[in-house]
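In the working numbering, the protein residues as written are -13 to 88.
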């Protein structure tokens, strides 16, 4: 399983909260289009949002590698932030059951 990770560091926790909500909605809407097999959005108290999109096939992963989702670019224009764009291979993943938390 391959993963695309976006680390977004914002100037304030409030900006990060708004961004986390925006990313959750936006990336969630791309699950079908990009064939995302797993999506996790994390908010840290330091004002960092981490979005992790997992893919079962290399073709789907390459598709997201070739273009950054508009959601990420739009966020960078709305809120000053630093974006770290990472590609990774999932070595181990365990999930008891799918849950949604707000």
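Ideal Cβ placement from N, Cα and C applies to all residues, glycine included.
Remark: C-beta atoms of residue 69 and residue 38 do not approach each other more closely than 7 Å. In the pairwise beta carbon analysis, the region 60 to 69 is classified as not touching the region 40 to 51: fewer than three pairs are separated by under 8 Å. Annotated three-state conformation of residue 47 is helix, per DSSP.
Contact annotation: residue -12 and residue 41 have beta-carbon atoms nearer than 7 Å. In the DSSP assignment, residue 17 falls within the unbroken alpha helix (DSSP H) covering 17 to 20.
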